[in-house]
Structure formats: C-alpha cells, structure tokens
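Engineer: Under mature numbering (1 follows the signal peptide of the UniProt record, and there is no 0), read the sequence shown as residues -26 to -1, 1 to 411, first letter to last.
Note that beta-carbon positions come from the ideal geometry of N, C-alpha and C, so glycine has one too.
Questions regarding the structure given below will be posed in turn.
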Amino acid sequence: MKHRGRHRRRRRGRALRATLAGTALALTAAATMISASQATVADAPGALKPIAASGEDGRLSLTERRVPKRWLDRLASAMGRPVGVGTVLSDADHALRTAADCSTAEKHTLPIEPAATRAYCFGGADTRGWRPGAVTTSGDADDDGRWGADRVVLSGWTRGGGEGGSMDGPAPERGLAKIALVDANDLGRLRYTWALLAVPVDGGRDYRGLVSPLSGMVWYQDKLLVTTREGDRSALYVYDMDRIQRATVDSDAVGRVRGGWAAHGSRYVLPAVASYALPGGADAPRPASVSLDRSTAPDSLVANEWVPADGDRHTRLWRYALSRDPARSGLLATGPSGRADPVDAYETKTTDVRGVLSYRSGWYLNRAAGTPQGHGTLWRQDLDGARATECATDESRHCWSGRSGSLSYWEETGEVWSQSGRVLFALPLTSVDRALG
C-alpha cells in the first residue's frame, strides 16, 4: 500500500512551487468591496498561553474504540470486495468549475490578501441543502503528496446546511455526512464523486449514516479522521481509505434496502473502523477543526475547539501524537489503557475559530467574519505574540475568507487548502507569511 512508502520524501512539487509566484489568479476583484465597519482593526489576541497538557483532569484525553474486524469483514462479504481510492477517482461523475466560471458572488468569498492561486466551484445540483465544512488532501496522506499515483482532495459536507454553505458554528443542524473525492491530477480539470460516511451496525449486517456536523478532517496514511458530535462523548470517527464500498441502489435511503445497498444517492460508502471518545460533560472541549502537522516528531494531529465571538472564555488548542507503529497506521498514539493523551495545549483569546493549522512554531487560526457577507481574519500566533494578514488597500485585518472552514497544508507543494461555501481554493503558505502585518 502507498502509505508504506511515506518516508521516501519525493519532491515532485518543486517545479509547481517555483511557478506559484507568477500564477496568482485574478480572483479578488469582486472581493475588495469591504464594508466600513470591517476596516476597523480588531484587537490583537496576543501570545498563546500554554496550559496543562494533561487536559484539565483528563478532559482532552481520547479513548479509542475499534469496530470489530469481523463486523467489517461481514459487511464486505455482503456488499462486495472493497475498492481503493484510484477506482473511485476513475468513476468520477461530476466536474468542478474553474475560477473563470465561478460567479461573482462565489469569488467574493475568497481571501483578499493573500490572493488565492487556485479556485474551483462545486455545482448547485448535488450540493443544494448540504453545508461544506472540512478539507484534507493526499498531501496529508503521504509526504510525497500522492496516494499511489494520484493527487487527491477530499471535501467534507453535512446535510442540512444552507444552500450557500452558511456557517452557524461547528454544530448547527445535524445531518448525514459525505465526502467528495476529487481527482486533482489535472489541476485545470478537477472531477469528483461522492462517498457517504457510515457506521456499521447489527454486527456488520447493516450500516447507518454518520449523523453529525463535519467541520474538520485529516487523511493520514490509510485513515481518514473526522470530527463528530454524536451524543455527548464522540470526538473523532476513523475511516479506512482501503475499505471503500460500492452502493448498488440509487436511493435516498441508507443501508440495506430491497435489491442491495443504498447511500443516500452517493455511489460509494465508507464504513467507520474506529472512533475516539471524550470523557463528556457540558464544558468538555470538543475538536471543532483538525489538521495535520508534519513539522513535529512524530507527526501530530492538531485541534481547536469552537468558542462563540461573545463567549466568556478563551479558545483551547491542542495536539495528539500520531502512532509510529506499522500495525496502527493512521491512528493516534495511545498508552496501555488505550487512551490518546494530548502532548501540548494552549489557550488563545481568538474566538469563533473555524480552522486551525500548526507548522513549526506558528499556529494559524481562521476567524470567521462578523457578518454573513463579510471577510474573516487569519491570525498567526505563537508564544511571543500574534499577527494577522492585512489588506493592502486599507490595512484592515478583515481580508481572509469569511466563510472558509478547516485548513490543510500540502507540504509537498507548499499550499494551504480550504473551502469557502462552494468554492475550494488554495494559496502558498509563504504568501500568507508575507501578508502578515
């Protein structure tokens, strides 16, 4: 499998990185009309404050629960042999529009400074009634940026959001969750197909849909880890990218139906193979967004909680180490008790954080806009202070996408990927650092 070769750091993206400086798209013309209220410089949140990595009496510790292998094998026996990512990509039945074909309103949601160097728009027919919320790529999955021979982007969506992808916090209306598997081998012509996220039930004789907002996800080695809010204890569900099952009946139903298996209209379904649960409690921190940090040893999963803009407490950020055990590929490092404990944690005064990225000493925090059509702020914080990207026109800090969710760093190409409404976009991390005021 591809993930076994992840330490062979091939750098296919060098030529691509070399051209990024001269290929910035003309995407921000519609995004430069900022309201006067946005021109006011927000108060800086200051430096990060380290807090006990013990997670405040264990409230940040995760308990791992594996779905019995016999359940998964029974489901595969009934549904047919699982397929791989390459098979799914070859079956892509939808096309993303390029930036030139995105509407003015769609392009208005893009960052003003720094400008996106890539942008693509999903269509309305298959995303109407779904809310986008999470992005990860094959740059997370393997450090050469590819899964097998393919470059892939995964875009997560939740049933029940507004047509335009409105954001009401990480847990507004609950609904089914699905991912678009995007073939990114030809960056001028992206195609995709859908896979529903599911949970095996009845000993693997059936499955139900994952009913949870999907606000963060990381594809690491052969596993996809997604943020969840099922009940009062769930934190992350885990999916095996080598266990993708075909849906055989085109129906709005989910699970076993007359004549085969349905996935609410998706062609494929991913059954969960594990989950990570928090201890629970009304004020327990929950991962609202997650991302991968390859600058640590071992690689780590970073997370942030969501605190509303008018909240009376600070936002917590923390990280878990990922396992180096080949028998636990893609999973978190756990102790003898099966718990994954955070290795460090911080507090920040930044609220309404919709995406987090950690790389080397910096934490990049995507703060939502204060108004539905406004622009947000991208902060870079560390132990010494905080800086935000500034708009060249009026020195406002409200120049990031106001509706984008999670952040994903594709180290092989040096690009940060995110999504704002129906718009999937990317830009170099170096351009973010240059734009810091």
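Can you tell me whether DSSP reads L63 as helix, strand or coil?
Structural biologist: Taking the sequence shown and counting its residues from 1, one reaches residue 63 at position 89. Three-state DSSP puts L63 in a helix.
Engineer: In the DSSP output, what is D124 paired with across the bridge?
Structural biologist: Counted from its first residue, the sequence shown places residue 124 at position 150. Per DSSP, the beta-bridge partners of D124 are W121.
Engineer: Have a look at P174, V175, Q195, V200 and flag the residue whose alpha-carbon is nearest the alpha-carbon of S186.
Structural biologist: Position 212 of the sequence shown holds residue 186. Measuring from the Cα of S186, the nearest candidate turns out to be V200.
Engineer: Give the secondary structure of T202 by DSSP, where H, G and I count as helix, E and B as strand, and everything else as coil.
Structural biologist: Translated into positions along the sequence shown, residue 202 becomes position 228. If DSSP states are grouped into helix, strand and coil, T202 belongs with coil.
Engineer: Can W384 and G113 be called in contact, C-beta distance under 9 Å?
Structural biologist: Here residue 384 refers to the residue found at position 410 when the sequence shown is read from its first residue. Here residue 113 refers to the residue found at position 139 when the sequence shown is read from its first residue. Contact flag set, yes.
Engineer: Decide if the region 371 to 386 is in contact with the region 42 to 53; the criterion is three or more beta carbon pairs, one per stretch, under 8 Å apart.
Structural biologist: no
Engineer: Whole-angstrom Cβ separation of T83 and S394, contact assumed at under 8 Å?
Structural biologist: What you label residue 83 is simply residue 109 of the sequence shown in a count that begins at 1. What you label residue 394 is simply residue 420 of the sequence shown in a count that begins at 1. Their Cβ separation, rounded to whole angstroms, is 4 Å, which keeps T83 and S394 in contact under 8 Å.
Engineer: Taking its Cβ as the centre, do 16 or more other Cβ atoms sit within 10 Å of D358, making it buried, or is it exposed?
Structural biologist: The residue given as residue 358 occupies position 384 in the sequence shown. In the assembly as shown, D358 is an exposed residue. Its beta-carbon has fewer than 16 other beta-carbons within 10 Å.
Engineer: Whether or not the region 283 to 291 and the region 233 to 244 are in contact is what I'm after, with contact meaning three or more pairs of Cβ atoms, one per stretch, closer than 8 Å; do they touch?
Structural biologist: no
Engineer: By Cβ distance, which residues of its chain are closer than 6 Å to A(-6), with the 5 residues on each side in sequence left out?
Structural biologist: Residue numbering aside, residue -6 sits at position 21 when the sequence shown is read from its first letter. With a pLDDT of only 39 at A(-6), under 50, the local geometry of the prediction cannot be trusted, and the value read off the model is given with reservation. Nothing meets the Cβ criterion.
Engineer: Using beta-carbon positions only, say whether V264 and V327 come within less than 9 Å of one another.
Structural biologist: Indexing the sequence shown from 1 puts residue 264 at position 290. Indexing the sequence shown from 1 puts residue 327 at position 353. Cβ atoms of V264 and V327: not closer than 9 Å.
Engineer: Would you grab the beta carbon distance between G134 and A151 for me? Rounded to a whole angstrom, and I think it's under 8 Å.
Structural biologist: The residue labelled residue 134 in the question sits at position 160 within the sequence shown. The residue labelled residue 151 in the question sits at position 177 within the sequence shown. Contact doesn't hold; Cβ gap of about 10 Å is too wide.
Engineer: Cβ of A360 within 9 Å of Cβ of A18?
Structural biologist: Here residue 360 refers to the residue found at position 386 of the sequence shown. Here residue 18 refers to the residue found at position 44 of the sequence shown. The answer is yes: Cβ separation under 9 Å.
Engineer: Tell me whether D180 sits in a helix, a strand or coil according to DSSP, three-state version.
Structural biologist: Taking the sequence shown and counting its residues from 1, the one referred to as residue 180 is at position 206. Reduced to three states, the DSSP call for D180 is strand.
Engineer: Assess contact between the region 52 to 62 and the region 210 to 217, defined as three or more Cβ pairs (one per stretch) separated by less than 8 Å. Is contact present?
Structural biologist: yes
Engineer: I'd like to know whether the C-beta of W235 is nearer than 9 Å to at least one C-beta of chain D.
Structural biologist: Included in the structure is just one protein chain, with no chain D present.
Engineer: Hey, how far is the Cα of P253 from the Cα of E38?
Structural biologist: The residue you call residue 253 lines up with position 279 of the sequence shown. The residue you call residue 38 lines up with position 64 of the sequence shown. In a straight line, the C-alpha of P253 is about 11 Å away from that of E38.
Engineer: In the DSSP assignment, find the unbroken alpha helix (DSSP H) run with M53 in it and report its ends.
Structural biologist: One-based indexing of the sequence shown puts residue 53 at position 79. Taken as a continuous stretch (DSSP letters only), the alpha helix (DSSP H) holding M53 covers 43 to 53.
Engineer: Tell me which residues share the same chain as V228 and place their Cβ nearer than 8 Å to its Cβ, disregarding the 5 neighbours each side in the sequence.
Structural biologist: Start at 1 with the first residue of the sequence shown, and residue 228 comes out as number 254. Result list for V228: L150, L170, A172, Y181, R182, G183, A236, A237, H238, in chain order.
Engineer: Compute the Euclidean distance between the alpha carbons of residue 418 and G119, then round it to the nearest angstrom.
Structural biologist: This structure cannot settle anything about residue 418, because the visible part of the chain is limited to -26 through 411.
Engineer: Within 10 Å of its beta-carbon, does S311 have 16 or more other beta-carbons around it, so buried, or fewer, so exposed?
Structural biologist: Residue numbering aside, residue 311 sits at position 337 when the sequence shown is read from its first letter. Exposed.
Engineer: As a quick exercise: from L331, G285, A314, S225, pick the residue whose alpha carbon is nearest that of A277.
Structural biologist: On the sequence shown, residue 277 is found 303 positions in, with the first residue counted as 1. Of the candidates L331, G285, A314, S225, L331 places its Cα closest to the Cα of A277.
Engineer: Measure the C-alpha to C-alpha separation of T387 and G233 and round it to an integer number of angstroms.
Structural biologist: The residue given as residue 387 occupies position 413 in the sequence shown. The residue given as residue 233 occupies position 259 in the sequence shown. Distance between the alpha carbons of T387 and G233: 45 Å.
Engineer: To which residues of the same chain is D315 closer than 6 Å at the C-beta, ignoring the five residues directly before and after it?
Structural biologist: Counting from one through the sequence shown, the residue named residue 315 turns up at place 341. So the list reads S35, once near-sequence residues are dropped.
Engineer: For a test of the three-state rule: what should DSSP assign to A(-1), helix, strand or coil?
Structural biologist: Mapped onto the sequence shown, residue -1 falls at position 26. Summary for A(-1): the model assigns pLDDT 48, below 50, so the residue's position carries little reliability, and this model does not support an answer.
Engineer: In this structure, what does DSSP give as the bridge partners for S380?
Structural biologist: By one-based count along the sequence shown, residue 380 stands at place 406. When DSSP reads this structure, S380 sits in no beta bridge, so it has no partner.
Engineer: Out of D67, G329, C76, state which residue places its alpha-carbon closest to the alpha-carbon of D100.
Structural biologist: As a working mapping, residue 100 is identified with position 126 in the sequence shown. Of the candidates D67, G329, C76, the one whose C-alpha sits nearest the C-alpha of D100 is D67.
Engineer: What is the DSSP secondary structure of P300, reduced to helix, strand or coil?
Structural biologist: For the purposes of this step, residue 300 is taken as residue 326 along the sequence shown, with counting starting at 1. Note: P300 maps to helix in three-state DSSP.
Engineer: Who are the Cβ neighbours of T308 in its own chain at under 6 Å, not counting the five residues just before and after it?
Structural biologist: Start at 1 with the first residue of the sequence shown, and residue 308 comes out as number 334. Counting only Cβ-Cβ distances below 6 Å, and skipping sequence neighbours, we find E38, A314.
Engineer: Apart from the five residues just before and just after W104, which ones in its own chain have a Cβ nearer than 7 Å to its Cβ?
Structural biologist: As a working mapping, residue 104 is identified with position 130 in the sequence shown. W131, T132, R133, G135, listed in sequence order.
Engineer: Under the three-state reduction of DSSP, which class applies to V276: helix, strand or coil?
Structural biologist: Counting from one through the sequence shown, the residue named residue 276 turns up at place 302. The answer is strand: DSSP assigns V276 an E or B state.
Engineer: In terms of residues, what are the limits of the beta strand (DSSP E) holding K323?
Structural biologist: For the purposes of this step, residue 323 is taken as the residue at position 349 of the sequence shown. No beta strand (DSSP E) contains K323, which DSSP labels as neither H nor E.
Engineer: Can you tell me whether DSSP reads S240 as helix, strand or coil?
Structural biologist: The sequence position of residue 240 within the sequence shown is 266, counting from 1. If DSSP states are grouped into helix, strand and coil, S240 belongs with coil.
Engineer: Any idea if E147 is buried or exposed, counting beta-carbon neighbours within 10 angstroms, 16 or more meaning buried?
Structural biologist: Here residue 147 refers to the residue found at position 173 of the sequence shown. Model confidence at E147 stands at a pLDDT of 39, short of 50, so the residue's coordinates are unreliable and nothing is read from them.
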